[in-house]
Amino acid sequence: MPGRVAGKVAIVVGAGQTPGAAIGNGRATAILLAREGAAVVAADRDLASAEETVALIAEEGGQASAFAVDATDERALAALVADTVARHGGLDILHNNVGASVGAGDAPPLELSEEGFDRIVALNLKSAWLASRQAIPAMRAAGGGSIVNISSMAARHAYPFLGYKATKTALLALTEQLAAQHARDDIRVNAILPGAMNTPMAIEPRVAAGADRDELVARRNSRIPLGGRMGTGWDTGYAALFLHSDEARFISGVALHVDGAEHVSDAVAGQ
Ligand SMILES: NC(=O)c1ccc[n+]([C@@H]2O[C@H](COP(=O)([O-])OP(=O)(O)OC[C@H]3O[C@@H](n4cnc5c(N)ncnc54)[C@H](O)[C@@H]3O)[C@@H](O)[C@H]2O)c1
């Protein structure tokens with residue numbers, strides 16, 4: 341299949357999604373990579389959800405397979421990379437999508453438990469390092485590659501919960517460190533910072549915790565200058581597609597805001 345990532349082998353960690361009507365960031369990214377010619381390994385702790393992503397890709401004639409993995413378990417990630425290389429002959433793309441805030445029990449500093457803090461650090465930060473540590477030798481062997489870490493605009497804005505704020509900010513430092521230390525391996529490492537997105541991950545846990553859905557959606561939409569509404573999983577996916585493609589071959593170590601101009605508008609308003 342011709343396309344912007346034709347012939348590349350891609351692992352998307354967190355390629356399933358939180359149940360809900362809208363498409364998630366990870367699922368949209370997996371679909372777009374496959375649509376543009378990559379062989380996609382849809383990895384997720386929830387195998388059934390990864391299989392749903394694979395079915396959507398297969399319906400379009402794309403190439404994908406599902407793999408069960410806990411992204412906080414390095415041995416499982418090692419098996420994921422080894423299996424991918426054995427079946428596809430190499431690895432070109434690693435997309436680190438897993439992450440959670442409210443859904444993982446995040447809280448303000450004095451309310452967050454030590455156990456909760458450790459869980460969120462493992463899920464949002466350590467997972468990206470472990471997956472990268474497993475993927476980089478395989479990419480090096482293939483002559484290079486692309487890693488994208490999904491951070492959040494919570495790294496730039498005030499955010500009520502400690503675990504998410506701290507880990508999504510640290511993920512930017514991790515991205516820069518990997519980019520600097522593996523540029524000479526021809527491995528590019530970038531971060532995407534989605535802002536307010538209309539995805540199940542952002543909406544459903546808050547509705548489950550008692551928020552009124554319509555009020556929540558209206559409030560999030562009203563924050564966004566560009567178009568006056570939240571972004572979607574596709575917006576994150578298209579940014580990822582670009583960064584993983586050879587079109588971005590001279591780009592590494594960046595933190596790409598995908599936020600409908602919310603951040604720059606806040607900065608101007610605050611002057
Ligand atoms: N949706 C937004 O508004 C928003 C905004 C900023 C950043 N983000 C970031 O986007 C990313 C996720 O977006 P999404 O829409 O794809 O979310 P999602 O919750 O729909 O999908 C995440 C997937 O990761 C899987 N997962 C969770 N823990 C895992 C683990 N330990 N091992 C393997 N898989 C695991 C889940 O099963 C799920 O399928 C997160 O990093 C999140 O912080 C989202």
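Those letters in the sequence shown? Residues 341 to 611, by this note's numbering. Positions of the beta carbon are idealized from the N, C-alpha and C atoms, including for glycine. None of the values given here were measured: they were computed from a predicted structure.
>> Quick check: what's the CA-CA separation for Val598 versus Ala481?
In response: 32 Å
>> Tell me the DSSP secondary structure of Pro534 in three-state form.
In response: strand
> What's the C-alpha gap between Lys466 and Thr412?
Replying inline: 7 Å
>> Using a 10 Å radius around the Cβ and a threshold of 16 neighbouring Cβ atoms, would you call Gly550 buried or exposed?
In response: exposed
> I think Val353 touches Asn437, with their Cβ atoms under 8 Å apart; what is that distance to the nearest whole Å?
Replying inline: 6 Å
> Secondary structure at Ile591, three-state DSSP: helix, strand or coil?
Replying inline: coil
> Going by Cα to Cα distance, which pick from Leu417, Gly429, Leu396 and Ala382 is closest to Ala406?
Replying inline: Ala382
>> Any heavy atom of ligand 1 closer than 7 Å to the beta-carbon of Gln474?
In response: no
>> Helix, strand or coil for Gln521? Go by DSSP, reduced to three states.
In response: helix
>> Closer than 8 Å is the cut-off here; do at least three beta carbon pairs connect the segment 579-595 with the segment 510-517?
In response: yes
> With DSSP run on the structure shown, which of helix, strand or coil describes Asn437?
Replying inline: coil
> How far does the beta strand (DSSP E) with Ala408 in it reach, from first residue to last?
Replying inline: Gln403 to Ala408
>> Considering only heavy atoms of ligand 1, does any lie closer than 7 Å to the CB of Gly503?
In response: no
>> Please classify Leu566 as buried or exposed, where buried requires at least 16 neighbouring CB atoms within 10 angstroms.
In response: exposed
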